[in-house]
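Novice: First the structure, then my questions, so here it is.
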Amino acid sequence: MVFWSESNPGLAVALTIPLFILFILGCVGYFVQEPNVARVMIFFGKYKGTCKKTGYYWVNPFLSRKRLSLRIRNMDIEPIKVNDKVGNPVLIGMVLVWKIKDTYKVVFDLDSQSLGAQTASVNNAALQNFVRIQSDAALREVTGHFAYDQTDSGNPDELTLRDSGPEINDLLEKKINERLAIAGMEVVEARLNYLAYAPEIAAVMLRRQQASAIISAREQIVEGAVSMVEMALTTLESKGVVALSNDQKASMVGNLLAVLCADEPLTPTLNATV
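For the sequence shown, position 94 (counting from the first letter as 1) is numbered 1282 according to this note's numbering, and the numbering increases by one without interruption.
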């Protein structure tokens, strides 16, 4: 072979160059695939399939291969200001867990420039930006259908943002999935992680909650005091301790209720007749 190349140098060079080019092209066709990673195969602009298998493979070197991670990702959506069902401004945020489901839609249905059309992998920043914007829109939509807390409508079964965590999270997950499905992504979990009144009404709503708590406590105190007064009168009459007229009973009821319902201890007074 050496003697042949020395005797035919021109022919040897003509054969060596194509073989070297074929060798380089052959090496380009090899790639290593890791778990939960996919590669979208494109042949001169035409989609040829997606490889999701793990291992060491060789494909046509003229196929462009866009790398996609199928691993689960999470995202913390910063609290945003939204009006609830009754118009109160609230700050609400959530935690989102998502992943890629349809590699074709991710590569071809989203803006190719945003996804890095000339690179071998999809731009993760563009994917996260899309998920963040759509999740923000879904969060605003869901929040507008519920009140922050129980309203004055008197319906105890009304769903609220504060008390209906699982129901709100399920609806939020459904709404976000509807928006992300057009781009080949899906939500694994979505849940609220921050909920508060906006600063401009936080003080007022705190006083409202305090007033509601005081009223509820007063109702229990009055109910208990009435029961105790009734028990006292019944016990006195049944044991014959003292016989009271209606006026005396009314006076006794008033004194007992004043003692039992007062916020502070009362000072007893003694009427003396000189």
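From the three backbone atoms N, C-alpha and C, an ideal C-beta is built for every residue, glycine too.
What residue does the beta strand (DSSP E) around Phe-1219 start on, and which one ends it?
Specialist: Looking at the DSSP string, the run of the beta strand (DSSP E) that includes Phe-1219 is 1218-1221.
Novice: Does the distance from the C-beta atom of Val-1283 to that of Asn-1365 stay below 9 Å?
Specialist: No.
Novice: Going by beta-carbon coordinates alone, are Ala-1325 and Arg-1367 separated by less than 9 Å?
Specialist: Yes; because the gap between Cβ atoms is below 9 Å, this pair is in contact.
Novice: Is it right to say Arg-1259 is buried, meaning 16 or more other beta carbons lie within 10 angstroms of its own, or is it exposed?
Specialist: With fewer than 16 Cβ atoms within 10 Å of its Cβ, Arg-1259 is classed as exposed.
Novice: Under 9 Å, do Leu-1256 and Thr-1291 count as touching if we go by C-beta distance?
Specialist: Yes, Cβ-Cβ distance for Leu-1256 and Thr-1291 is below 9 Å.
Novice: Could you tell me whether the Cβ atoms of Val-1225 and Trp-1286 are closer together than 9 Å?
Specialist: No, these two residues do not count as a Cβ contact at 9 Å.
Novice: Between which residues of its own chain and Leu-1298 is the CB-CB distance below 6 Å, once the five residues before and five after are set aside?
Specialist: Result list for Leu-1298: Ala-1371, in chain order.
Novice: Excluding the 5 residues preceding and the 5 following Glu-1361 in the sequence, name in chain order all residues of the same chain whose CB lies nearer than 8 Å to its CB.
Specialist: Excluding sequence neighbours, Glu-1361 sits near Val-1375, Glu-1377 and Ala-1378.
Novice: Would you please state the rounded distance, in angstroms, between the beta carbons of Met-1265 and Leu-1327? I believe it to be under 8 Å.
Specialist: Inspection of the sequence shows that residue 1265 is occupied by Ile rather than by Met. That belief holds up - the Cβ atoms of Ile-1265 and Leu-1327 are roughly 7 Å apart, short of 8 Å.
Novice: Specify the secondary structure class of Pro-1249 as computed by DSSP and reduced to three states.
Specialist: Correct three-state label for Pro-1249: coil.
Novice: Tell me Glu-1366's beta-bridge partners as DSSP assigns them.
Specialist: In DSSP, Glu-1366 forms no bridge with anything.
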